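A.B. asks:
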Amino acid sequence: MAQFKAQCIFDKPARRTAEHIFGQWMRDQFPSAFRNTEHLTSFTDYSTGVPVPTMAKGRMNRNGSPHAQQLRLVCESCNNEWMSRLQNQAKEPLTSLMRNDWSKLDVPSIKSVAAWVAMVTMCLEFADLKTQAIPLAERQFLMSTGTPPPDWIICLGRCRTDNAPGTMWHRAAMLETEKTQSPPQQFQPNYQTTTICLEAAFAHVLSGPVALLPDPKAYAESLGVRVFWPLPQTAPSEPLVFTPEGITRVAMQFWRDNGLVTDLLHGTRSPFIPNNTLPGQLPQSLISLLLRKSR
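Using our numbering, read the sequence shown as starting at 2 and increasing by one per residue.
1) If you draw a straight line from the C-alpha of Ala-128 to the C-alpha of Pro-237, how long is it?
2) Mind checking whether Gln-254 and Leu-232 have CB atoms under 8 Å apart?
3) Which stretch, first to last residue, makes up the alpha helix (DSSP H) that contains Ser-110?
4) May I have the straight-line CA-CA distance separating Pro-109 from Trp-83, to the nearest angstrom?
5) Just confirm the distance between the C-beta atoms of Pro-240 and Arg-159, as a whole number of angstroms; I'd bet it's less than 8 Å.
6) With burial defined as no fewer than 16 other Cβ atoms inside 10 Å of the residue's Cβ, what is the status of Val-211: buried or exposed?
7) Can you give me the C-alpha to C-alpha distance between Thr-235 and Ile-111, rounded to a whole angstrom?
8) With H, G and I counted as helix, E and B as strand and the rest as coil, what does DSSP make of Ile-197?
9) Could you check where the beta strand (DSSP E) with Phe-255 kicks off and where it finishes?
10) Using only alpha-carbon positions, find the residue among Asp-216, Thr-196, Ala-7 that is nearest to Met-169.
11) Please name the residue or residues paired with Val-242 in a DSSP beta bridge.
12) Helix, strand or coil for Leu-176 per DSSP?
13) I need the DSSP call for Ser-78, collapsed to helix, strand or coil.
14) Going by C-alpha distance, which of Pro-215, Trp-256, Ile-154, Glu-200 is nearest Ala-115?
15) Within a Cβ cutoff of 6 Å, which residues of the same chain sit near Pro-190, ignoring the five residues on either side of it in sequence?
16) With 16 as the cutoff for other CB atoms within 10 Å, does Val-242 come out buried or exposed?
17) Once the 5 residues before and after Leu-87 are set aside, which same chain residues still bring their CB inside 6 Å of it?
18) Using C-beta distances below 8 Å, list every residue in its chain close to Gln-141, excluding the 5 sequence neighbours before and after it, in chain order.
19) If we ignore side chains and look at the alpha-carbon of each, how far apart do Thr-18 and Met-123 end up?
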């Protein structure tokens with residue numbers, strides 16, 4: 002399991018400061034009537050050989066709407082310099098998407114939104130260390146280039162603004178990329194998906210070793226969303242509006258494609274998923290994090 006360090010998650014040896022995960026501008030431009038965030042973590046412990054579903058309140062189960070949440074993760078220089086720059090670059094196009102306006106999209110604005118989504122995903126997974134799957138090298142790639150890692154898949158879709166616009170899911174798991182008869186010694190997640198509802202839009206992120214990653218275009222087409230990363234050559238067409246059930250399907254599809262047949266209310270975790278999971282076999286590693294609005 003990942004461990005907290007005193008230094009910045011981008012590996013700078015400096016004291017952490019509190020950072021708005023989504024940016025203070027979002028809280029100001031999209032005020033919420035909800036005063037609390039409900040953060041639930043759910044996993045199944047297979048260490049005894051018997052799956053025992055458990056659920057607990059997470060680190061962000063506290064006062065304040067989801068988009069106003071802060072975590073103490075990064076140093077002051079990261080927060081005020083390159084991260085602030087990514088926030089400012091994404092603010093205008095992301096605001097339009099959150100207001101259900103896709104008409105202003107062009108390739109540079111798509112790149113800015115993709116970088117912002119990657120930054121939020123990298124920070125959000127630290128709300129529950131059991132779901133921390135993104136390697137330090139990928140966080141540093143974003144820091145140094147201002148773009149998501151090249152193998153990441155980032156898609157956006159549309160949803161109704163009454164679909165709990167602060168809802169987020171973060172799932173992570175260890176998936177073996179080669180057939181094996183025995184599980185690894187260390188159960189460190191290596192794949193993650195993050196799905197974030199943002200008013201009239203939602204973002205979906207998939208990352209991990211390239212061996213099990215689908216073709217981005219085919220993956221997006223199968224889900225009905227639009228690829229923002231890898232960067233498209235032209236602005237995508239406006240997708241259809243998703244129902245809550247449709248967003249759940251997007252959030253779960255990668256895991257189902259890799260053998261997941263059962264999910265708890267918010268997700269399950271077990272230590273290992275061999276890549277030769279048999280049809281109908283319960284896979285053995287999925288960590289799920291849910292943040293949602295509560296009154």
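Where a beta carbon is used, it is the ideal one built from N, C-alpha and C, also for glycine. In this text the structure is predicted, and so the values were computed from the model without any measurement.
C.D. replies: According to the structure data:
1) 32 Å
2) no
3) 108-125
4) 17 Å
5) 5 Å
6) exposed
7) 9 Å
8) strand
9) No beta strand (DSSP E) holds Phe-255; the alpha helix (DSSP H) holding it covers 245-258.
10) Thr-196
11) Arg-159
12) strand
13) helix
14) Ile-154
15) Ala-134, Ala-173, Ala-174, Met-175
16) exposed
17) Ala-116, Trp-117, Met-120
18) Phe-11, Asp-12
19) 16 Å
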